[in-house]
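Visitor: Chains as they are written, first to last, in this note's numbering: chain A, 574 to 755; chain B, 188 to 288.
Yeah, the Cβ is synthetic: ideal placement off N, Cα and C, and Gly gets one too.
(1) Where does residue 727/A fall in DSSP's three states?
(2) Looking at chain B, is there any beta carbon in it that lies within less than 8 Å of the beta carbon of residue 756/A?
(3) Which chain B residues are close to residue 744/A, counting only those with a beta carbon under 8 Å from its beta carbon?
(4) Excluding sequence positions up to five away, which residues of its chain have a Cβ less than 6 Å from the Cβ of residue 598/A?
(5) Among 256/B, 287/B, 221/B and 269/B, which has the Cα closest to the Cα of residue 733/A?
(6) For residue 671/A, which of 191/B, 188/B, 197/B and 208/B has the nearest alpha-carbon?
(7) Which first and last residues belong to the alpha helix (DSSP H) in which residue 595/A is found?
(8) Determine the contact status of residue 253/B and residue 230/B, defining contact as a CB-CB distance below 8 Å.
(9) Run through chain B and tell me which residues come within less than 8 Å of residue 717/A, C-beta to C-beta.
(10) With 16 as the cutoff for other CB atoms within 10 Å, does residue 725/A come out buried or exposed?
(11) At least one CB of chain B closer than 8 Å to the CB of residue 595/A: is that the case?
(12) Do residue 591/A and residue 614/A come within 8 Å of each other at the CB atom, strictly closer than that value?
(13) As a quick exercise: from 192/B, 206/B, 203/B and 213/B, pick the residue whose alpha carbon is nearest that of residue 280/B.
(14) With residue 239/B and residue 699/A assumed to form a contact (beta carbons below 8 Å), what rounded beta-carbon distance in angstroms separates them?
(15) Checking contacts by CB at 8 Å: is residue 286/B closer than that to chain A?
(16) Checking contacts by CB at 8 Å: is residue 259/B closer than that to chain A?
(17) Could you check the C-alpha separation between residue 237/B and residue 578/A for me, to the nearest Å?
(18) So, does the stretch 677–695 of chain A touch the stretch 216–232 of chain B, judging by three or more C-beta pairs under 8 Å?
(19) For residue 619/A, name the three-state secondary structure that DSSP assigns.
(20) Tell me the rounded alpha-carbon separation between residue 202/B and residue 686/A.
(21) Does residue 204/B come within less than 8 Å of chain A when only Cβ atoms are used?
(22) Would you kindly check if the distance between the Cβ of residue 621/A and the Cβ of residue 581/A is under 8 Å?
(23) Closer than 6 Å by C-beta to residue 264/B: which residues in its own chain qualify, once you throw out the five before and the five after it? Chain order, please.
(24) Relative to the C-alpha of residue 738/A, which candidate in 634/A, 574/A, 610/A and 584/A has its C-alpha closest?
(25) Looking at the C-beta of residue 222/B, does it have a partner C-beta in chain A at a distance below 8 Å?
(26) May I have the straight-line CA-CA distance separating residue 593/A from residue 286/B, to the nearest angstrom?
(27) Give the interface partners of residue 681/A over in chain B, defined as CB-CB distance under 7 Å, in chain order.
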C-alpha cells in the first residue's frame, strides 16, 4: 500500500463523510460550511487522478465563487428560512425522509452493481490507450496541453460557454434587481 | 495503484447523497447544494476517465466546462430563489405552487 493509495482513501473518506454531514445536519449555515470541506476533498481526488488544472479550477470557482454566492443568498433571504428549518426538527424521522433514503440506497446499489458488471479496469479503449502510451504520466505537463487544446480543438465550445456565461450573469442581475413601482 | 473502480464508487456514493438531499430537503438552498453534489460526482467521473487521454484531453476539458456551467446555473438559481422569497416569504418548494399571483 503506497502513499497515493492512503491519500486516496483519506480524501474519499473526508469527502463522503462531510457530504453525509451536509445531508444530515439541520443547521443550514453549518451544512454550507461543511460543503467547503467536500469541495476541497474533491479537489484532492482530482489531483490524485492527475488532473491538477481541474483541481485548481474547482477550488477557484466552486469555493471562491459558488459557495460565497450561496452564503450571500442565504444571508439575504432572512430569518424566516432559518425558522422554517427549525420547525422541521420536531419530526425527526418522517415518512418522506425514509422514502428518499430507500431511494438513494437502492440507486447506489444499482450503480455499484453496474460498475462491477462493466468491469471498468479492463475496458477495451483503456487498454488501447495504455498500449499506445497515451495515459497521463506522473511527470507529464498537462496545463500546457490543456491551453493548446482549448484554443484549437475546443474553440467552439469555449466560445459558446463564454457567451452562455455572460447571458446567465446578465439574466441573474436582471432577475435579482428590485422591481420598480409602475 | 488506485484503480478506476475506486473513483467510480466514490462518485456513485456522492451522487446518491446528492439524490437524497434533492428528494428529502424542504429548503431550496439545500436542494441546490444537493444538485451541486450530483454535478461534482459527474465531474469526478469525467476526470477519472480523462486520465487515459493525454493528447486530446476530452475528459478534463469537459470537466472544466461542467464547472463553469455549474457556476452559471447557481447564479441564476439563486436569483430565482431570492425572487421567490421576496414574493412568497418562504423558500420551501412545496409551498410555491402558483404561476402568477
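Guide: By the coordinates alone:
(1) Residue 727/A sits at position 154 when you count from the first residue of the first chain. Three-state result, residue 727/A: coil.
(2) The first residue shown for chain A is 574 and the last is 755, placing residue 756/A beyond what the model contains.
(3) One-based indexing of the first chain puts residue 744/A at position 171. Residues of chain B passing the Cβ test: 263 and 266.
(4) The residue labelled residue 598/A in the question sits at position 25 within the first chain. Closer than 6 Å at the Cβ level, and outside the excluded window around residue 598/A, lie 604.
(5) To locate residue 733/A, count along the first chain from 1; it is residue 160. For residue 733/A, the nearest C-alpha among the options comes from 256/B.
(6) In the first chain, counting from the first residue as 1, residue 671/A sits at position 98. Of the listed residues, the one whose Cα sits closest to residue 671/A is 208/B.
(7) The residue given as residue 595/A occupies position 22 in the first chain. Per DSSP, residue 595/A belongs to the alpha helix (DSSP H) from 576–597.
(8) If you number the second chain from 1, residue 253/B lands on position 66. If you number the second chain from 1, residue 230/B lands on position 43. Taking 8 Å as the Cβ cut-off, residue 253/B and residue 230/B qualify as a contacting pair.
(9) Along the first chain, one-based indexing puts residue 717/A at 144. Those within 8 Å of residue 717/A in chain B number zero; the least Cβ separation is about 11 Å.
(10) Residue numbering aside, residue 725/A sits at position 152 when the first chain is read from its first letter. It counts as exposed.
(11) Counted from its first residue, the first chain places residue 595/A at position 22. Yes, its Cβ sits closer than 8 Å to a Cβ of chain B.
(12) For this step, residue 614/A is matched to residue 41 along the first chain. For this step, residue 591/A is matched to residue 18 along the first chain. Contact: yes.
(13) What you label residue 280/B is simply residue 93 of the second chain in a count that begins at 1. Of the listed residues, the one whose Cα sits closest to residue 280/B is 213/B.
(14) For the purposes of this step, residue 239/B is identified with residue 52 of the second chain, where counting begins at 1. For the purposes of this step, residue 699/A is identified with residue 126 of the first chain, where counting begins at 1. Confirmed, Cβ separation roughly 5 Å.
(15) Here residue 286/B is taken as the residue at index 99 of the second chain, counted from 1. Chain A, which has no Cβ nearer than 8 Å to the Cβ of residue 286/B, makes this no.
(16) To locate residue 259/B, count along the second chain from 1; it is residue 72. For residue 259/B, the answer is yes, since a Cβ of chain A falls inside 8 Å of its Cβ.
(17) Position 50 of the second chain, counted from the start, is the residue given in the question as residue 237/B. Position 5 of the first chain, counted from the start, is the residue given in the question as residue 578/A. Looking at the two C-alpha atoms, the distance is approximately 19 Å.
(18) no
(19) What you label residue 619/A is simply residue 46 of the first chain in a count that begins at 1. Residue state, collapsed to three classes: helix.
(20) In the second chain, the residue the question calls residue 202/B occupies position 15. In the first chain, the residue the question calls residue 686/A occupies position 113. If I take the Cα positions, the gap works out to 15 Å.
(21) As a first step, residue 204/B is located in the second chain; it is residue number 17 there, counting from the start. Yes, residue 204/B counts as interfacial toward chain A.
(22) As a first step, residue 581/A must be located in the first chain, where it is residue number 8. As a first step, residue 621/A must be located in the first chain, where it is residue number 48. Yes.
(23) Reading the second chain from its first residue, position 77 is the one you call residue 264/B. Excluding residues within five positions, the ones whose Cβ falls inside 6 Å are 219.
(24) On the first chain, residue 738/A is found 165 positions in, with the first residue counted as 1. Cα-wise, what sits closest to residue 738/A is 634/A.
(25) Counted from its first residue, the second chain places residue 222/B at position 35. No, no contact with chain A.
(26) Indexing the first chain from 1 puts residue 593/A at position 20. Indexing the second chain from 1 puts residue 286/B at position 99. Answer to the nearest angstrom: the Cα atoms are 34 Å apart.
(27) Your numbering for residue 681/A matches position 108 in the first chain. Going along chain B in sequence order, the residues near residue 681/A (Cβ under 7 Å) are 199, 200 and 203.
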